[in-house]
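>
Numbering (our numbering), first residue to last: 321 to 608.
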């Protein structure tokens, strides 16, 4: 699988990342099978979080045989240093590792949260301490709110930001381009989430993809179009949704990837503008 350089660092990541929800509520055997599949497909970037159910407990043993050769990203929703450290130590135990490659402030949404993590005893102070000790290598954050993400980028030299880079949100929702420009100016790597998202489930609609709170791409052709859009931007990688079908589709699409032509870019923009579905995220809709 194609790999891209992680921001300012001499690290190469697979363009498809393994989302930890892929092993949430799976058996030990199935979790190991899915991780082995990822390794066989050339994936070396794994992303997980404590909020993904039992994903850490399932990923840890499955990833242990490969740990030295993969890039492991984890997160914390805690905004103060003390609580974040407690969550970090728990993640290390569950993931059966002595360090996390990329530790991220998870799902920043509001100005208040930005102030909390930047405060003297905020989570970011812990991250710096952990990096100095070697317990983590890189510092990042994830967000769905572009304004909050821009504020954080201007306040600290993050190694990466995990953010929705999605064709429908970009063209119909108006988010993504400002974040990409700001990250480029800062030398911060962009990791994409929700690349394969389509829209929110309608009230009362059957959730045919039960591991996603949104409606994802429904077939390979939709998944390939979505991933090609994302990978045609200067992102490092896109993290897959939680279903094994989407992960396989993403790997297949990555293996066949070519950048969108100008005509294809125009076609996707026109498709987004004519779509009746509201994007998962817009400038006014920024929460999950």
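All residues carry an ideal CB built from backbone N, CA and C; glycine is no exception.
Give the straight-line distance between the Cα atoms of residue 455 and residue 375, rounded to the nearest whole angstrom.
As a working note, residue 455 is residue 135 in the chain shown. As a working note, residue 375 is residue 55 in the chain shown. Each residue's alpha carbon lies about 21 Å from the other.
> What's the gap between the Cα of residue 420 and the Cα of residue 460?
One-based indexing of the chain shown puts residue 420 at position 100. One-based indexing of the chain shown puts residue 460 at position 140. Cα to Cα, the separation comes out at about 12 Å.
> Under the three-state reduction of DSSP, which class applies to residue 434: helix, strand or coil?
Counting from one through the chain shown, the residue named residue 434 turns up at place 114. Residue state, collapsed to three classes: helix.
> Tell me the DSSP secondary structure of residue 595 in three-state form.
Sequence index remark: in the chain shown, residue 595 carries index 275 (1-based). Coil at residue 595, not helix or strand.
> Based on the DSSP secondary-structure assignment, which residues constitute the bridge partners of residue 366?
As a first step, residue 366 must be located in the chain shown, where it is residue number 46. BP columns for residue 366 point to 338 and 392.
> Could you check what DSSP says for residue 515 in three-state terms: helix, strand or coil?
Working through the chain shown from its first residue, we reach residue 515 at position 195. The answer is coil: DSSP assigns residue 515 none of H, G, I, E or B.
> Would you report the Cα separation of residue 418 and residue 358, rounded to the nearest angstrom?
In the chain shown, residue 418 corresponds to position 98, counting from 1. In the chain shown, residue 358 corresponds to position 38, counting from 1. Cα-Cα distance, rounded: 22 Å.
> For residue 535, report the span of its beta strand (DSSP E) as first-last.
Taking the first residue of the chain shown as 1, we reach residue 535 at position 215. Start and end: 534 to 536.
> Return the CA-CA distance between residue 538 and residue 462, expressed in angstroms with no decimal places.
For the purposes of this step, residue 538 is taken as the residue at position 218 of the chain shown. For the purposes of this step, residue 462 is taken as the residue at position 142 of the chain shown. Looking at the two C-alpha atoms, the distance is approximately 25 Å.
> Would you report the Cα separation of residue 581 and residue 439, rounded to the nearest angstrom?
Counting from one through the chain shown, the residue named residue 581 turns up at place 261. Counting from one through the chain shown, the residue named residue 439 turns up at place 119. The alpha-carbon atoms of residue 581 and residue 439 are separated by roughly 45 Å.
> Where do the ends of the beta strand (DSSP E) carrying residue 323 lie?
Within the chain shown, the letter at position 3 stands for residue 323. Counting along the chain, the beta strand (DSSP E) containing residue 323 begins and ends at 323 to 325.
> Rounded to the nearest angstrom, what separates residue 434 and residue 535 at their Cα positions?
Position 114 of the chain shown, counted from the start, is the residue given in the question as residue 434. Position 215 of the chain shown, counted from the start, is the residue given in the question as residue 535. When rounded, the distance between both Cα atoms is 29 Å.
> Counting Cβ pairs, one atom from each stretch, are 3 or more of them under 8 Å apart for the segment 571 to 585 and the segment 462 to 477?
no
> Quick one: grab the DSSP three-state call for residue 483.
By one-based count along the chain shown, residue 483 stands at place 163. Reduced to three states, the DSSP call for residue 483 is strand.
> For residue 462, does the three-state DSSP call read helix, strand or coil?
Looking up residue 462 in the chain shown gives position 142. Note: residue 462 maps to strand in three-state DSSP.
> Specify the secondary structure class of residue 331 as computed by DSSP and reduced to three states.
In the chain shown, residue 331 corresponds to position 11, counting from 1. In the structure shown, the three-state DSSP call for residue 331 is coil.
> Could you spell out the range, first to last residue, of the beta strand (DSSP E) harbouring residue 455?
Along the chain shown, read from residue 1 onward, the residue named residue 455 stands at position 135. Residue 455 -> no beta strand (DSSP E), and no H or E assigned at all.
> Please classify residue 407 as buried or exposed, where buried requires at least 16 neighbouring CB atoms within 10 angstroms.
For the purposes of this step, residue 407 is identified with residue 87 of the chain shown, where counting begins at 1. Buried is the call here.
> In this structure, how does DSSP classify residue 583 when only helix, strand and coil are distinguished?
For the purposes of this step, residue 583 is taken as the residue at position 263 of the chain shown. If DSSP states are grouped into helix, strand and coil, residue 583 belongs with the helices.
> Quick one: Cα of residue 437 to Cα of residue 583, how far?
For the purposes of this step, residue 437 is taken as the residue at position 117 of the chain shown. For the purposes of this step, residue 583 is taken as the residue at position 263 of the chain shown. Using only the alpha carbons, I get a separation of about 43 Å.
> Rounded to whole angstroms, what's the CA-CA distance from residue 484 to residue 443? Just pull it up for me.
On the chain shown, position 164 is the one that residue 484 refers to. On the chain shown, position 123 is the one that residue 443 refers to. Roughly 23 Å separates the two Cα atoms.
> Would you report the Cα separation of residue 352 and residue 391, rounded to the nearest angstrom?
Looking up residue 352 in the chain shown gives position 32. Looking up residue 391 in the chain shown gives position 71. Straight-line Cα distance between these residues: approximately 17 Å.
> Is residue 346 buried or exposed, if buried means 16 or more other CB atoms sit within 10 Å of its CB?
Within the chain shown, the letter at position 26 stands for residue 346. Buried is the call here.
> Taking a contact to mean a Cβ-Cβ separation below 7 Å, would you say residue 394 touches residue 368 in this structure?
Your numbering for residue 394 matches position 74 in the chain shown. Your numbering for residue 368 matches position 48 in the chain shown. In this structure, residue 368 lies closer than 7 Å to residue 394 by Cβ.
> How is the beta strand (DSSP E) around residue 428 delimited, first residue to last?
Numbered from its first residue, the chain shown carries residue 428 at position 108. Run containing residue 428: 420 to 428, per the beta strand (DSSP E) assignment.
> Between the Cα of residue 409 and the Cα atoms of 429, 370 and 384, which residue gives the shortest distance?
Along the chain shown, one-based indexing puts residue 409 at 89. Closest by alpha carbon: 370.
> DSSP has residue 442 in a bridge; who is on the other side?
Taking the chain shown and counting its residues from 1, the one referred to as residue 442 is at position 122. According to DSSP, which records beta bridges pairwise, residue 442 is partnered with 400.
> From residue 491 to residue 565, what distance separates their C-alpha atoms?
The residue labelled residue 491 in the question sits at position 171 within the chain shown. The residue labelled residue 565 in the question sits at position 245 within the chain shown. If you take the alpha carbons of residue 491 and residue 565, they lie about 26 Å apart.
> How about residue 321 and residue 574: do their beta carbons lie closer than 7 Å?
Along the chain shown, one-based indexing puts residue 321 at 1. Along the chain shown, one-based indexing puts residue 574 at 254. Closer than 7 Å, so yes.
> From the DSSP secondary-structure annotation, give me the bridge partner or partners of residue 559.
Locating residue 559 in the chain shown gives position 239, where the first residue counts as 1. Paired residue(s): 337.
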